[in-house]
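The listed protein sequences correspond, in order, to chains U and E.
No gaps in the numbering here: position 291 of the first sequence is 291 in our numbering, and each next residue is one more.
No gaps in the numbering here: position 151 of the second sequence is 151 in our numbering, and each next residue is one more.
Just so it is clear, CB atoms sit at the ideal spot from N, CA and C, and this is done for glycine as well.
2 protein chains.
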Amino acid sequence: MKKEKIESERRHIVIIGGGFGGIATAKALKHTDADVTIIDRLNHHLFQPLLYQVATAELSPGDISAPIRAIISKNPRIKVILGEVAEISPEMKSLRMRNGQSISFDQLVMATGAQYNYFGHGEWAEFAPGMKSISDALKVREKLLMSMEEAEQLHDSSKRKSLLTYVIIGGGPTGVEMAGAIAEIAGNGAKHGYHSIKPEDARIYLIEAGPRILNAFPESLAAKAKKMLEKMGVRVLLNTPVTNIEKNKVHLKVGSIETPNIIWAAGIKASSLLDSLKVAQDRSGRVLVEADLSIPQYPDIFIIGDSAHREDKNGMPLPALAPVATQQGKFVGKLLAKDGKRSSGSKFKYTDKGTMATIGRAKAVADIKGLKFSGFFAWFLWSFIHVLGLIGFRNRTRVFVEWIWNYFTFKRGVRLITDRSGCVYCTTYEINHKELKELQEMPV
Amino acid sequence: MKKEKIESERRHIVIIGGGFGGIATAKALKHTDADVTIIDRLNHHLFQPLLYQVATAELSPGDISAPIRAIISKNPRIKVILGEVAEISPEMKSLRMRNGQSISFDQLVMATGAQYNYFGHGEWAEFAPGMKSISDALKVREKLLMSMEEAEQLHDSSKRKSLLTYVIIGGGPTGVEMAGAIAEIAGNGAKHGYHSIKPEDARIYLIEAGPRILNAFPESLAAKAKKMLEKMGVRVLLNTPVTNIEKNKVHLKVGSIETPNIIWAAGIKASSLLDSLKVAQDRSGRVLVEADLSIPQYPDIFIIGDSAHREDKNGMPLPALAPVATQQGKFVGKLLAKDGKRSSGSKFKYTDKGTMATIGRAKAVADIKGLKFSGFFAWFLWSFIHVLGLIGFRNRTRVFVEWIWNYFTFKRGVRLITDRSGCVYCTTYEINHKELKELQEMPV
């Protein structure tokens with residue numbers, strides 16, 4: 001009885017999302033006297049900047065993710081709930097889970113991240129998957145490997161050609177990194193044991209609607225990156241908006257490309273959960289937040305990371321990057337740790353440590369506080385920073401070992417086809433889905 | 001034209017299966033002048049002895065598997081086909097693939113392995129999955145983690161109790177290893193961040209129909225293993241046949257156990273593809289082979305590994321173990337490398353290097369040529385031999401790093417729930433399968 005009373009007196013802070021922002025908030029609350037609850041749809045934190053390496057068979061899912069429980073397990077006052085929030089009622093200071101259960105909070109931190117933005121063409125998602133979760137990345141991996149397996153056996157030139165064609169839509173860091181990685185796999189078929197696949201067979205397109213790639217980077221670096229990609233055999237198409245996407249086909253203003261390998265990296269929008277707040281949002285669904293990252297009407301609700309719209313001194317909204325989310329999480333965590341009250345006047349300031357993108361083996365571009373690097377050094381810097389960014393000794397060691405191994409052998413370690421739903425034209429074995437299911441259910 | 005002629009004159013050796021037997025055969029044929037084709041349903045070789053560690057979140061699938069192409073990629077004369085053989089016609093010396101394509105051979109090596117044997121109760125497979133493939137192991141992993149997540153949030157004691165109950169059926173090495181590994185996870189809930197799960201909450205049953213576990217081992221070692229398991233909190237039930245299995249329930253002669261966590265490790269039978277040969281098979285479907293591992297009627301068809309029934313000097317059939325398959329593969333490979341003809345009189349002899357099973361952290365039993373070990377040394381030996389058994393520097397390093405890390409931290413590195421079809425009672429979030437599909441398709 002008494003215990004219950006005390007608990008009900010204690011502050012309850014709820015954090016939605018176990019990404020960079022959510023974890024940073026929780027860590028900053030390590031010594032709080034409040035009850036903290038982290039809610040996530042899945043049980044693990046994912047190091048998204050390296051997700052493309054899972055999709056390209058270089059890293060294992062386990063290398064770039066860590067169970068949320070394991071990260072914050074020390075403090076028993078921080079609870080982790082695996083589940084999904086259906087809606088939030090800011091006035092009631094409570095939220096409803098998908099299973100109907102409702103949870104009330106004194107303070108709420110929304111670190112709900114972003115999802116891919118198909119700009120009103122949600123139907124494209126089926127044919128041009130984006131990459132935000134591990135299962136997304138594994139689907140892409142399965143498809144890339146499957147198309148090479150089928151190409152290896154096919155002689156019908158038209159089908160074979162399309163199996164070895166890859167279209168990446170969007171010239172941001174993710175698109176650039178995917179294009180580079182695919183060029184290295186498909187361009188080295190023989191090295192991976194596909195003896196009938198010649199480097200010249202692979203056709204890789206990086207498609208960007210705007211006049212340049214990497215537009216968060218200085219012009220000169222973007223130009224360097226473009227050159228590097230082209231040297232690797234990637235065809236970079238600028239000023240080329242996609243007009244339509246259907247199964248195995250991308251339509252451009254200038255024509256169309258036949259291929260099952262279509263990857264979407266063109267834009268993101270904030271989690272739709274924010275809509276239930278009914279407050280001002282920008283074009284891509286991000287909520288306009290105060291200087292202390294709370295919402296005007298609701299001083300006890302904070303929004304951080306990809307879900308928040310906050311402008312820097314140049315009036316540009318802060319980019320949807322891990323460092324922003326992490327710094328904002330730390331900021332809000334400290335704010336809430338101090339006391340229940342919102343200490344008026346405290347403002348979040350983002351310190352830009354620089355931006356970088358890797359293009360491929362020993363190739364990258366980096367812009368660190370105005371200093372521009374490219375080539376091997378930038379790549380080394382990139383690797384170093386990303387290994388450090390991973391959570392925990394285990395993942396750092398594993399990724400490090402993997403990269404060393406890959407650097408010297410040129411090999412991709414994780415080329416696994418674990419089921420065959422990835423089967424593209426299924427020419428090499430017509431499996432219909434009923435058969436496939438039986439196949440998988442069979443304890444073979 | 002000419003080229004074709006030469007090719008058609010060249011011997012064509014077909015190997016079905018990329019397991020221990022098939023790979024060993026292919027490696028022994030590395031310098032052959034014949035054309036070699038390896039056919040496998042999936043694209044990777046799997047180190048099955050460690051599969052239970054994938055199911056128990058210690059290793060990643062990529063750590064214990066290697067792309068078949070990568071293993072034998074050096075010799076362009078060895079072709080790899082991803083696909084499934086539907087049937088074999090020994091008289092015609094040809095086989096038909098699932099997609100209708102037919103392939104003819106001069107010599108055939110069947111290394112098709114085994115599948116789980118539900119002794120006429122195929123319907124049990126759905127509720128009590130076995131573990132033969134990576135996707136099997138991942139399904140088990142998802143379920144184990146999911147049941148702990150749900151238990152962590154549940155207060156309804158009966159449901160909670162069943163979520164934390166684990167039944168492993170079959171007291172062979174796999175069953176023993178699974179039981180030990182699960183005891184270490186479930187028994188250390190708090191260490192993994194499940195603060196409401198106490199060690200005494202977990203109930204782990206290892207169920208064996210026979211009078212003892214590990215019956216391939218000396219009595220004394222089996223008894224030691226049983227003691228070790230019991231000390232870890234595993235309830236070992238001997239002489240306890242399973243009478244029926246339904247969803248979330250195992251029926252025994254002595255009663256029944258409620259749990260979603262049912263794992264089948266009770267027996268195997270040879271691949272059903274062998275039936276199409278229409279030759280003499282033993283009770284578990286293995287084909288009775290000659291001294292040189294060929295079939296009486298068909299001197300050019302060889303059967304090795306789990307699919308072959310060959311008796312040792314004591315008249316006992318050779319066990320379904322990796323070393324047997326590997327040695328047989330090497331033997332047949334050499335035989336075929338020498339010439340097309342079957343060199344009469346050559347006999348396969350199995351050299352037993354010993355058997356071992358691990359029970360848990362620093363606990364194992366080993367019987368090496370009559371020398372019996374148990375405890376830390378046996379475990380060390382087991383680890384050492386299994387790391388060496390892995391293919392390639394990469395996997396060895398990764399598994400080694402993982403084990404070191406796990407040894408010192410007690411942590412399981414790969415606790416990933418990548419989708420939520422594993423949802424057991426789904427009490428923590430009612431997701432029906434339609435919703436789930438949307439959830440997964442959504443590019444979140």
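So with Cβ pairs under 8 Å, would you call residue i a contact of chain E?
| i | result |
| --- | --- |
| Lys-143 (chain U) | no |
| Pro-199 (chain U) | no |
| Leu-42 (chain U) | yes |
| Arg-415 (chain U) | yes |
| Lys-153 (chain U) | It should be pointed out that residue 153 (chain U) corresponds to Gln in this sequence rather than to Lys. Gln-153 (chain U) counts as touching chain E. |
| Ser-60 (chain U) | yes |
| Phe-47 (chain U) | no |
For a test of the three-state rule: what should DSSP assign to residue i, helix, strand or coil?
| i | result |
| --- | --- |
| Met-148 (chain E) | helix |
| His-309 (chain U) | strand |
| Phe-20 (chain E) | helix |
| Tyr-52 (chain U) | helix |
| Ile-71 (chain E) | helix |
| Pro-443 (chain U) | Low per-residue confidence applies at Pro-443 (chain U): pLDDT is 34, beneath 50, and the placement is therefore not dependable, though the value from the model is reported in the following sentence. In the structure shown, Pro-443 (chain U) sits in coil (DSSP, three-state: anything other than H, G, I, E or B). |
| Val-140 (chain E) | helix |
| Glu-9 (chain E) | helix |
| Val-14 (chain E) | strand |
| Gly-255 (chain U) | strand |
| Glu-58 (chain E) | coil |
| Thr-112 (chain U) | coil |
| Leu-46 (chain E) | strand |
| Val-176 (chain U) | helix |
| Gly-422 (chain E) | Model confidence at Gly-422 (chain E) stands at a pLDDT of 45, short of 50, so the residue's coordinates are unreliable and nothing is read from them. |
| Pro-199 (chain E) | helix |
| Gln-153 (chain U) | helix |
| Val-387 (chain U) | helix |
Are residue i and residue j closer than 8 Å when you measure CB to CB?
| i | j | result |
| --- | --- | --- |
| Ala-225 (chain E) | Val-287 (chain E) | no |
| Arg-203 (chain E) | Asp-106 (chain E) | no |
| Asn-244 (chain E) | Thr-165 (chain E) | no |
| Pro-67 (chain E) | Gly-193 (chain U) | yes |
| Ala-128 (chain U) | Ile-39 (chain U) | no |
| Leu-145 (chain U) | Arg-415 (chain U) | yes |
| Val-167 (chain E) | Ile-134 (chain E) | no |
| His-47 (chain U) | Ser-60 (chain U) | Checking the displayed sequence, the identity of residue 47 (chain U) turns out to be Phe instead of His. It is not a contact, given that the beta carbons lie outside the stated cut-off. |
| Leu-95 (chain E) | Val-85 (chain E) | yes |
| Met-148 (chain E) | Ile-197 (chain E) | yes |
| Ile-268 (chain E) | Asp-300 (chain E) | no |
| Ala-453 (chain E) | Pro-173 (chain E) | No statement about residue 453 (chain E) is possible, as the shown extent of chain E runs from 1 to 444 and does not include it. |
Could you check whether the Cβ of residue i sits closer than 7 Å to any heavy atom belonging to the ligand SAH?
| i | result |
| --- | --- |
| Ala-137 (chain U) | Absence of the ligand SAH from the depicted structure is noted, as is the absence of any ligand whatsoever, leaving it without description. |
What residue does the alpha helix (DSSP H) around residue i start on, and which one ends it?
| i | result |
| --- | --- |
| Glu-219 (chain U) | 219-231 |
| Glu-208 (chain U) | Premise fails: Glu-208 (chain U) is in no alpha helix (DSSP H) and is neither H nor E. |
| Pro-323 (chain U) | 322-338 |
Is there a Cβ of chain U sitting closer than 8 Å to that of residue i, yes or no?
| i | result |
| --- | --- |
| Arg-396 (chain E) | no |
| Val-80 (chain E) | yes |
| Val-14 (chain E) | no |
| Phe-373 (chain E) | no |
| Arg-10 (chain E) | no |
| Ile-134 (chain E) | yes |
| Val-365 (chain E) | no |
| Lys-411 (chain E) | yes |
Looking at the unbroken beta strand (DSSP E) that takes in residue i, where does it start and where does it end?
| i | result |
| --- | --- |
| Asn-395 (chain E) | No beta strand (DSSP E) contains Asn-395 (chain E), which is instead part of the alpha helix (DSSP H) from 392-409. |
| Ala-357 (chain U) | 355-360 |
| Leu-277 (chain E) | Where Leu-277 (chain E) is concerned, there is no enclosing beta strand (DSSP E), given that its DSSP letter is neither H nor E. |
| Phe-373 (chain E) | 371-374 |
| Thr-445 (chain U) | Residue coverage of chain U in this structure runs from 1 to 444, which leaves residue 445 (chain U) outside it and unanswerable. |
| Asn-261 (chain U) | 261-264 |
| Phe-302 (chain U) | 298-303 |
| Lys-269 (chain E) | 268-270 |
Below 8 Å on the Cβ atoms is my guess for residue i versus residue j; work out the distance and round it to an integer in Å.
| i | j | result |
| --- | --- | --- |
| Glu-184 (chain E) | Arg-361 (chain E) | 6 Å |
| Pro-218 (chain E) | Lys-372 (chain E) | 6 Å |
| Asp-275 (chain E) | Leu-335 (chain E) | Actually they are not in contact, since the Cβ atoms of Asp-275 (chain E) and Leu-335 (chain E) sit about 25 Å apart, beyond 8 Å. |
| Gly-170 (chain E) | Ala-270 (chain E) | Not really, about 17 Å apart at Cβ, beyond 8 Å. |
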